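>
Protein chains in written order, with this note's numbering: chain A, 677 to 1090; chain B, 18 to 238.
1) In chain A, which residues lie less than 8 Å from residue 102 of chain B when you measure between Cβ atoms?
2) Helix, strand or coil, according to DSSP, for residue 179 of chain B in the structure here?
3) Tell me the rounded alpha-carbon separation between residue 706 of chain A and residue 1069 of chain A.
4) According to DSSP, what are the bridge partners of residue 819 of chain A?
5) Please go through the same chain and pick out, in chain order, the residues whose beta-carbon is closer than 8 Å to the beta-carbon of residue 75 of chain B, but skip the five residues on each side of it.
6) Measure the C-alpha to C-alpha separation of residue 47 of chain B and residue 982 of chain A and round it to an integer number of angstroms.
7) With 7 Å as the C-beta to C-beta threshold (strictly closer), list the residues of the segment 1050-1081 of chain A near chain B in chain order.
8) For residue 97 of chain B, return the contacting residues in chain A, with the cut-off set at a CB-CB distance below 7 Å.
9) Sort A/734, A/764, A/897 and A/732 by Cα distance to residue 744 of chain A and report the nearest one.
10) Do you know whose CA, among B/138, B/80, B/224 and B/191, lies nearest residue 176 of chain B's CA?
11) Let me know the beta strand (DSSP E) ranges lying completely inside the segment 137-210 of chain B, each 3 residues or longer, listed in chain order.
12) Between the alpha carbons of residue 211 of chain B and residue 119 of chain B, how many angstroms are there, rounded?
13) So the candidates are A/1081, A/828, A/863 and A/783; which of them puts its Cα closest to the Cα of residue 803 of chain A?
14) Going by alpha carbons, who is nearest to residue 1019 of chain A out of A/1063, A/1008, A/730 and A/998?
15) With DSSP collapsed to three states, give me the class of residue 984 of chain A.
16) For residue 739 of chain A and residue 758 of chain A, I'd like the C-alpha separation in whole angstroms.
17) Going by other Cβ atoms of all chains shown within 10 Å of its Cβ, with 16 needed for buried, is residue 1084 of chain A buried or exposed?
18) With DSSP as the reference, label residue 837 of chain A as helix, strand or coil.
19) Could you check which residue in B/205, B/180, B/45 and B/162 has the C-alpha nearest to that of residue 239 of chain B?
20) Per DSSP, what kind of secondary structure is residue 1053 of chain A in: helix, strand or coil?
21) Can you say whether residue 779 of chain A is buried or exposed, counting buried as having 16 or more other CB atoms within 10 angstroms of its CB?
22) Quick one: list the residues of chain B neighbouring residue 684 of chain A, beta-carbon separation under 7 Å, in chain order.
23) Exposed or buried, residue 823 of chain A, counting other C-beta atoms within 10 Å across all chains shown (16 or more means buried)?
24) Would you give the residue range spanned by the beta strand (DSSP E) that residue 811 of chain A belongs to?
25) Rounded to the nearest angstrom, what separates residue 700 of chain A and residue 1033 of chain A at their Cα positions?
26) Here's the rule I'm using: 16 or more other beta-carbon atoms within 10 Å means buried, otherwise exposed. How should residue 1131 of chain A be labelled?
27) Quick one, are the C-beta atoms of residue 50 of chain B and residue 225 of chain B less than 8 Å apart?
28) So which residues of chain B does residue 1083 of chain A contact, with C-beta pairs closer than 8 Å?
29) Could you round the C-beta distance between residue 893 of chain A and residue 795 of chain A to whole angstroms and report it? I think they count as a contact, below 8 Å.
30) Is residue 868 of chain A buried or exposed, if buried means 16 or more other CB atoms sit within 10 Å of its CB?
31) Would you mind giving the Cβ-Cβ distance between residue 901 of chain A and residue 876 of chain A, rounded to the nearest angstrom? I have them listed as a contact below 8 Å.
32) Leaving aside the five residues before and after residue 156 of chain B along the sequence, list all residues of the same chain whose C-beta is less than 6 Å from its C-beta, in chain order.
33) Taking only beta carbons into account, state which residues of the segment 171-184 of chain B come closer than 7 Å to chain A, listed in chain order.
34) Starting from the Cα of residue 742 of chain A, find the closest Cα among A/762, A/805 and A/978 and give me that residue.
35) Reducing DSSP to helix, strand and coil, say where residue 1060 of chain A ends up.
36) Identify which residue in A/748, A/724 and A/909 has its Cα closest to the Cα of residue 947 of chain A.
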């Protein structure tokens, strides 16, 4: 029956091509919109992950509890009554039990690597020029393993942070503000009366102005000295083998610890919600376009069946049973679906290539054009949806055609 | 052999009776003409004995099998292998060439390779072999009807049912088609049932079933 379906499609070239274009238009839209959206997401996710890692463990903000203060200041037998009970928040967030985390993370098979951090707001000065930055004290050799920061180094090497002599890597925006160059010494102060010279060993450029204008990296030890808090760690950034497991793993760790455990999705809730809306919009678009295309297929096949009543009658008289007639119409719909799907993903791919080549004149994550994703799953989804929509749309007319009896048709024709 | 017992056919609601309890037999190899005026029920009868339609009451036995008891699959296979149809309109598929149209019944059984040779011979015999690659739209009415006859003959059927096969043709082509059917009936021993309203063609058959208002009328001698 396939052969006859094919011939019937060919005999209505114009109609077939139009409806094929309808289906391919739907697929094309989906592929290109998904390409741009997912590309944007990849870019944003990488930006976010550079700062938060898959899971971020940080000290929870804790209230001052009256009984704890009483217990630590008075012996057990004393009865204490407060006139003004102590309240408020503790002045620093710190991890309760860093070594405990260290042991746990080292033995957890899902953990790829982790890196302790201490973040401080600091003033960076070079001569008269001053900039404030969020200095992340980290362990450089671990940091490069869990983030892609190396990729974004504009000058110098991130690994040089592990050398002695107060090395620092500054964001490109920060470097510009204070006019700092590689190998230059700048003064860094964390506002506790300590000011130390740091040597610029690298300039990092993430391509996100907000971050580049306010970020700097230094050794954990140096920041601990700068903030006069030896041994303190405020965060542990963890990378897992499987990023998709981050939520589950984080939820589990949260159960067994007082510290705050956030996976990257939770830490960037707004962003993840935006992604969900984007996903919805994308699926809504492909759904509506394919719905229209499916209606097109349905209409065309229904009209065709009416025009081909005689042929259906003679096929039945010759001995082609209802199943064969169903196949005859169904194959045409499926052929249009497959053809439109293939054409659509082909054109969609070309459109993606073209979009990627457009120069926007401003920087987006290291280049002047949109990031476009070429996920195989997008193409598979687009193709399967197009074929599936066509299958559904052609099934109804095909079924109706298979129900026609040759006598009904012959009587009407006579 | 086709055996009809008490064939009644009614249409519509309230039912109008078109055929009034017909009993007759058609022997193998017979050339039977079913004739009568328009509205006499001759086409209805043809479609009932040819398995395309079913009677409201009564039974049709073909080669000893009751048509009403055959499954959809069996009916179609029976038509495919043993029955050839020729209609007033040729009903060729416009997308397919003459040869492909002739081979359609064979294709359904996966026999188009084996039947290719005999299809060409049939077209030769019907004097349309030089048209075999043409689409139906490129042929004349007479040529189209001959291709349709070739399609009816391709499986060497036991039965040929023809509903006014000459109705749409000019006198010359019509008599050629009639001559052809007669020839087939003689050379292949095929049972042929022909519906026609032209007494001249009905007379060429070996037997005539003349219908008047849904009843078989005994011809006055």
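Glycine included, C-beta positions come from ideal geometry on N, C-alpha and C.
It should be emphasised that the depicted structure is a prediction, and the values quoted were computed from it without experimental measurement.
On the basis of the coordinates in this document:
1) 990, 993 and 994
2) strand
3) 19 Å
4) According to DSSP, which records beta bridges pairwise, residue 819 of chain A is partnered with nothing at all.
5) 21, 22, 23, 24, 25, 38 and 39
6) 37 Å
7) none
8) 994 and 995
9) A/764
10) B/80
11) 176-180
12) 20 Å
13) A/863
14) A/1063
15) coil
16) 17 Å
17) exposed
18) helix
19) Here chain B comprises residues numbered 18 to 238, so residue 239 of chain B is not present and cannot be evaluated.
20) helix
21) exposed
22) 112
23) buried
24) 805-814
25) 23 Å
26) For residue 1131 of chain A there is no data in the structure shown, the boundaries of chain A being 677 and 1090.
27) yes
28) 64, 69 and 70
29) Wrong, their Cβ atoms sit about 10 Å apart, outside the cutoff.
30) exposed
31) Actually they are not in contact, since the Cβ atoms of residue 901 of chain A and residue 876 of chain A sit about 18 Å apart, beyond 8 Å.
32) 148
33) none
34) A/762
35) helix
36) A/724
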